[in-house]
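First comes the structure, then the notes that go with it.
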Amino acid sequence: MSTTTTTSARPEAGSRGPGAAGPSPRTRRRMAWRRIQALKGASLTFPFLAGFSLFVVVPVIMALRESVFARRSSGGLGFGAQTVSFVGLDNFADGFQDPVFWGGMLRVFVYAIVVVPVTQALSLACALLLDAARRRTAARFRVVLLLPYMVPGVIAAMIWLFQYSPAVGPLSAFFRLFGVEANFYSGELVWVSIGNMALWGALGFNMLILYGALQSVPHEIFEAARLDGAGELRIAMSIKVPFVRASLVLTSLLSIIGTLQLFNEPLLFRAVTPETITKDFTPAMMIYNQAFQVGNLNYATALSVVLALVVGIASAIIYRFTNRQEA
Amino acid sequence: MRINRTRWVATGVAAATTMSLAACSSDGSAAEPTGPDEPAGPVSIEIWGWNAETGEQLVDAFNAAQDDVEAEYVLQASNVATQTNFRNAFEAGEDVPCLVQGFAPLTTMVVNGWAQDITDSVTPSESIYSEGALAAAKVNDRYYGLPSGSDGQFLIYNTATFDKAGLDVPTTWEEYVEVGKKFKKDGVDIANLAGEDPSTLMNLAQQAGAEWFAIDGDRWVVNFLDEGTLKAADIMQQLVDNDLVSNETYQDKPALYAYFDSGNMASTTTQWWSLGGYQTDMKKSGGDWAATAIPQFEDATEPVTPGRTTPAFVPVGCDDPDAVMAYVDWLASDEGIEAGRNKESGAVGFPTQIPDPSAYADDVVPPDFFVDDAEAADVIVDAQAHVIGKFELGPDYDAWFPELQDQWGKAVAGEQTFADALAAVQGFVASDLDDKGISYTLGS
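First to last, the sequence lines map onto chains A and B. Just so we're aligned, residue 1 is where the first sequence starts under our numbering, counting upward by one. Just so we're aligned, residue 1001 is where the second sequence starts under our numbering, counting upward by one.
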């Protein structure tokens, strides 16, 4: 918001300045006043900019710097100091050729193809249902659906670990009632287990954005549709969904970004099915492993940059694709 | 923060002089010790660890017991937090503590340049410690760690389950497999192998005399496929191939304990500090368990007990390793051990670093868990007497351990053999050492 204030104020102050020949003292005072106003407006962005610089820009610069170096022992037993040498883009070259890293990338891509549409469809369905419900009822459900999003990832992981437990959890017992032996810890079901966990985490947030978008659809259109004999389902599919397309694109993009960075859930399931979830199962897990276990921070940062590039490119492609459809 | 920089050497005689006020400075820039005639104040050392139960109470008792060293305990949230905070302090070169609880294997500390060679400080105290504790504190024959006891492993078994099946407790690993096959007929597992935890294989390999990493001059000799390791792998293979074990995860503690408690698991290898948890969470089978020596390999010439430790170390940059050693020696004294008595549970930590901890064995046997508490105490002492202590994990343990977990998980799930798993880990180690520029030869 404050950014808008800044950008709109600046051109105005600028256009009056150099364009006018010999500005009068009054105009000058007004210019000064406008400049002060502009600065005031801009100052509102400072807390954000400070945080953004400190926690995003600086780490990115540091990562870029780290990624062009390598640390090695100079032979022997490896005791004592390591030598740091500039290796240019070698770490990136290794990263682009690393089959383990790209194997993980492919894995999360396939996972995203399944999980993202399912998450979007369910979020949209929940938002449409809430929109159809009375306001008071909607408010209650909204909070309930948002609860899983509020629970920190690690806590959620522990809760699900218990839910999935074949021995003491309720889910396996529930399925047993129908004669189905469902072991959510097993390698066969682990994708379902991870997807379900991630789904509940994302559902509430996406639903909230879509619900917000639905609220802004002009109600006259619904009335007109009803007069034309359209049922609620028809209204939902032909009016509401097209209206929230922009928000759907946004939530899809966020979901894709989150999915490609999949980390918490598989890390948890590594303990219960290590034969399936290896240490390099997803790109983020591999980066973590390289940085904090193998101890190759330089390679880890190079891989992080590659992952960021892939996420950026994927987002750009999807954004362009969906925009073109709209046009 | 007050740290080790106080350079006043405690000399005993000088400490009694009237000029002690002048020696009270804790400023790092204070004068260097100038000789035995100069006044001396206490040397300050900072200790980092995550012992929330007795860390501070031990330090308080130590400070009260003597005047030469003033210790301060800085409680860390966990093993990982200690590692993170230490790395930060070390990188910054400020406020580096003088004693850090071992958060990783000792060689890792040396390779990273964190642990200093404290041979001169440890050597005069050698007689206080057990051979295993001293062995564990060495890398390449020099003391980089503080003497640290390894917790000797022993076997606990459910007497009710054994009685029901009419089976004798195995004394060798070969018998263990055979007994497991008999149990299988009744649907009972002889043991649990958690899919994420390869420590059982490491323990067995250590017991069979394996040496995964050894130092030969200025090269590492790496061998994950030596005779001992393959012997251990063979036992594991038989247990898995014949489906004699369960694979309950440690992550799901309620399920794990419920299963341990069910009578469907006949035995498990363990160590003294696990007993409290068993006693608390295994109420149904409590009172049915008995302890016995860990099975040996049939061709073993003498009984040995597996057990490893991650010794505490003195970081590079600490000027007073002697003061640290004074504290560590005091911890091994009767007074120090007693000072560590937990005020809530009333138990002391089992002093595994001293040659004969038998006087404290009763303290670590929880009530109402064993059929015979005195026998259990004897088993614990005996396990400690035969503990190997040293098992070199090489210069890149943090890198290869997750790989071992991956490979172990696949072997436990029956997707590959244990020998293949170990070969894969060896390949990984070779490639990682190449990347790191560390010299090695692969053993054969």
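Just so it is clear, CB atoms sit at the ideal spot from N, CA and C, and this is done for glycine as well.
Point to revise | Own chain residues within Cβ distance below 6 angstroms of Phe184 (chain A), not counting five before or after | key: Taking the first residue of the first sequence as position 1, residue 184 (chain A) is located at position 184. Around Phe184 (chain A): Tyr164, Ser193.
Exercise for review: Measure from the alpha carbon of Pro1306 (chain B) to the alpha carbon of each residue in B:Glu1046, B:Gly1209, B:Glu1070, B:Val1169, then state which is nearest.
Suggested key: For the purposes of this step, residue 1306 (chain B) is identified with residue 306 of the second sequence, where counting begins at 1. Of the listed residues, the one whose Cα sits closest to Pro1306 (chain B) is B:Gly1209.
**Study point:** Ala1071 (chain B) versus B:Asp1060, B:Lys1410, B:Leu1244, residue with shortest Cα-Cα distance
**Key:** Here the question's residue 1071 (chain B) lines up with position 71 in the second sequence. Of the listed residues, the one whose Cα sits closest to Ala1071 (chain B) is B:Asp1060.
Exercise for review: Flag this pair as yes or no: are the beta carbons of Trp1272 (chain B) and Phe1350 (chain B) separated by less than 8 angstroms?
Suggested key: The residue labelled residue 1272 (chain B) in the question sits at position 272 within the second sequence. The residue labelled residue 1350 (chain B) in the question sits at position 350 within the second sequence. The answer is yes: Cβ separation under 8 angstroms.
Review point. Could one say the Cβ of Ala1258 (chain B) lies closer than 8 angstroms to chain A's Cβ atoms, at least one of them?
Key: By one-based count along the second sequence, residue 1258 (chain B) stands at place 258. Output row for Ala1258 (chain B): interface = yes.
**Study point:** N- and C-terminal bounds of the alpha helix (DSSP H) containing Val1324 (chain B)
**Key:** Stepping through the second sequence from its first residue, residue 1324 (chain B) is reached at position 324. Unbroken alpha helix (DSSP H) run through Val1324 (chain B): 1321-1331.
Point to revise | Rounded distance between the beta-carbons of Arg142 (chain A) and Leu208 (chain A), thought under 8 angstroms | key: Within the first sequence, numbered from 1, the residue matching residue 208 (chain A) stands at position 208. Within the first sequence, numbered from 1, the residue matching residue 142 (chain A) stands at position 142. Between Arg142 (chain A) and Leu208 (chain A) the Cβ distance is about 7 angstroms, and since that is below 8 angstroms, they are a contact.
Point to revise | Option in B:Tyr1397, B:Thr1301, B:Gly1336 with minimal Cα separation from His1386 (chain B) | key: In the second sequence, counting from the first residue as 1, residue 1386 (chain B) sits at position 386. The residue with the shortest Cα to Cα distance from His1386 (chain B) is B:Thr1301.
Check your understanding: If we ignore side chains and look at the alpha-carbon of each, how far apart do Arg136 (chain A) and Ala213 (chain A) end up?
Key -> Taking the first residue of the first sequence as position 1, residue 136 (chain A) is located at position 136. Taking the first residue of the first sequence as position 1, residue 213 (chain A) is located at position 213. C-alpha separation (whole angstroms): 18 angstroms.
Check your understanding: From the beta carbon of Ser73 (chain A), is the nearest beta carbon of chain B less than 8 angstroms away?
Key -> On the first sequence, position 73 is the one that residue 73 (chain A) refers to. By this cut-off, Ser73 (chain A) is an interface position.
Practice item. Measure the C-alpha to C-alpha separation of Asp1168 (chain B) and Ala156 (chain A) and round it to an integer number of angstroms. Key: Taking the first residue of the second sequence as position 1, residue 1168 (chain B) is located at position 168. Taking the first residue of the first sequence as position 1, residue 156 (chain A) is located at position 156. Rounded to whole angstroms, Asp1168 (chain B) to Ala156 (chain A) spans 45 angstroms at the Cα level.
Check your understanding: Whose C-beta lies closer than 6 angstroms to the C-beta of Val249 (chain A) among residues of the same chain, with five residues either side of it excluded?
Key -> Translated into positions along the first sequence, residue 249 (chain A) becomes position 249. Thr322, listed in sequence order.
Review point. Near Lys1390 (chain B), what residues of its chain come up, given a Cβ to Cβ distance below 6 angstroms and the 5 sequence neighbours on each side ignored?
Key: The residue you call residue 1390 (chain B) lines up with position 390 of the second sequence. Ala1135, Ala1136, listed in sequence order.
Check your understanding: On the three-state DSSP scale, how would you describe Gly1448 (chain B)?
Key -> Since the first residue shown for chain B is 1001 and the last is 1444, residue 1448 (chain B) is missing from the structure and cannot be characterised.
Practice item. For Asp1334 (chain B), count neighbouring C-beta atoms within 10 Å of its own C-beta (all shown protein chains included) and say buried if the count is 16 or more, exposed if not. Key: Translated into the one-based positions of the second sequence, residue 1334 (chain B) becomes position 334. It is exposed - the Cβ of Asp1334 (chain B) has fewer than 16 other Cβ atoms within 10 Å.
Practice item. Starting from the C-beta of Glu1248 (chain B), find all residues in its chain whose C-beta is less than 7 angstroms away, skip the five residues before and the five after it, and write them out in chain order. Key: Residue numbering aside, residue 1248 (chain B) sits at position 248 when the second sequence is read from its first letter. For Glu1248 (chain B), where only same-chain residues beyond five positions count, the Cβ hits under 7 angstroms are Asn1192, Ala1194, Ala1255, Leu1256, Tyr1259.
**Study point:** Neighbour flag for Phe184 (chain A) against chain C, beta carbons, 8 angstroms
**Key:** The structure shown contains no chain C; its protein chains are A and B.
Check your understanding: Looking only at its own chain, which residues have a Cβ that is under 7 angstroms from the Cβ of Tyr149 (chain A), when we skip the five neighbours before and after it?
Key -> In the first sequence, counting from the first residue as 1, residue 149 (chain A) sits at position 149. Here the set comprises Gly201, Gly204, Phe205.
**Study point:** Contact list for the segment 46-77 of chain A against chain B, Cβ threshold 7 angstroms
**Key:** Arg72, Ser73, Ser74, Gly75, Gly76, Leu77
Check your understanding: Going by DSSP, which residues form a beta bridge with Gly1049 (chain B)?
Key -> Here residue 1049 (chain B) refers to the residue found at position 49 when the second sequence is read from its first residue. According to DSSP, which records beta bridges pairwise, Gly1049 (chain B) is partnered with B:Leu1075.
Exercise for review: At 4 residues or longer, and completely inside the segment 1355-1431 of chain B: list those alpha helix (DSSP H) runs for me, N to C.
Suggested key: 1361-1364, 1373-1385, 1397-1412
Review point. Mind checking if Gly1427 (chain B) is an interface residue toward chain A, Cβ cutoff 8 angstroms exclusive?
Key: Here residue 1427 (chain B) refers to the residue found at position 427 of the second sequence. Chain A, which has no Cβ nearer than 8 angstroms to the Cβ of Gly1427 (chain B), makes this no.
Review point. If you follow the alpha helix (DSSP H) that Val115 (chain A) is part of, which residue opens it and which one closes it?
Key: On the first sequence, residue 115 (chain A) is found 115 positions in, with the first residue counted as 1. Val115 (chain A) -> alpha helix (DSSP H) spans 99-132.
Check your understanding: DSSP three-state call for Pro1351 (chain B): helix, strand or coil?
Key -> Position 351 of the second sequence, counted from the start, is the residue given in the question as residue 1351 (chain B). It is coil, neither helix nor strand.
Practice item. Indicate the three-state DSSP secondary structure (helix, strand or coil) for Gly1149 (chain B) in the structure shown. Key: By 1-based counting over the second sequence, the position of residue 1149 (chain B) is 149. Reduced to three states, the DSSP call for Gly1149 (chain B) is coil.
Practice item. Identify the contact partners of Val168 (chain A) in chain B, using a Cβ-Cβ distance below 9 angstroms as the criterion. Key: Residue 168 (chain A) sits at position 168 when you count from the first residue of the first sequence. Per Cβ cutoff of 9 angstroms: Asp1252, Pro1254, Ala1255, Ala1258.
Review point. Can you tell which of B:Trp1173, B:Gly1277, B:Asp1095, B:Lys1283 has its C-alpha closest to the C-alpha of Gly1263 (chain B)?
Key: Along the second sequence, one-based indexing puts residue 1263 (chain B) at 263. It is B:Lys1283.
Review point. What did DSSP end up calling Asn1158 (chain B) once you bin it into helix, strand or coil?
Key: Walking along the second sequence from the start, residue 1158 (chain B) turns up at place 158. Asn1158 (chain B): strand per DSSP, three-state reduction.
Review point. Between the C-alpha atoms of Pro152 (chain A) and Thr45 (chain A), what's the straight-line distance to the nearest angstrom?
Key: Locating residue 152 (chain A) in the first sequence gives position 152, counting from the first residue. Locating residue 45 (chain A) in the first sequence gives position 45, counting from the first residue. So the two alpha carbons sit approximately 28 angstroms from each other.
Exercise for review: For Asn1079 (chain B), collect the residues of the same chain with a Cβ closer than 7 angstroms to its Cβ; drop the 5 residues on either side in sequence, then sort them by chain order.
Suggested key: Residue mapping note: residue 1079 (chain B) aligns to position 79 of the second sequence, counting from 1. Answer for Asn1079 (chain B): Trp1050, Phe1103, listed in chain order.
Review point. So is Gln97 (chain A) in contact with chain B if we call contact Cβ pairs under 8 angstroms?
Key: Within the first sequence, residue 97 (chain A) is the residue found at index 97, counting from 1. Not an interface residue.
Point to revise | Identity of the residue in B:Glu1415, B:Pro1311, B:Ile1380 nearest Pro1366 (chain B) by Cα | key: For the purposes of this step, residue 1366 (chain B) is taken as the residue at position 366 of the second sequence. Here the closest residue by C-alpha is B:Ile1380.
Check your understanding: Would a check of beta-carbon distances place Leu161 (chain A) closer than 8 angstroms to chain B?
Key -> For the purposes of this step, residue 161 (chain A) is identified with residue 161 of the first sequence, where counting begins at 1. Yes, because at least one Cβ of chain B sits closer than 8 angstroms to the Cβ of Leu161 (chain A).
Practice item. Within 10 angstroms of the Cβ of Pro283 (chain A), are there 16 or more other Cβ atoms? Answer buried if so, exposed if not. Key: Start at 1 with the first residue of the first sequence, and residue 283 (chain A) comes out as number 283. By the 10 Å Cβ count, Pro283 (chain A) comes out buried.
**Study point:** Of the listed residues B:Asp1320, B:Pro1295, B:Gln1101, B:Gln1384, nearest to Trp1048 (chain B) (C-alpha basis)
**Key:** Counting from 1 along the second sequence, the entry for residue 1048 (chain B) is found at position 48. Residue B:Gln1101 is the option with its Cα nearest to Trp1048 (chain B).
Exercise for review: Just the chain B side, please: which residues come within less than 8 angstroms of Ala173 (chain A) by C-beta, in chain order?
Suggested key: Position 173 of the first sequence, counted from the start, is the residue given in the question as residue 173 (chain A). Within chain B, no residue comes near Ala173 (chain A); the closest Cβ sits about 12 angstroms away, beyond 8 angstroms.
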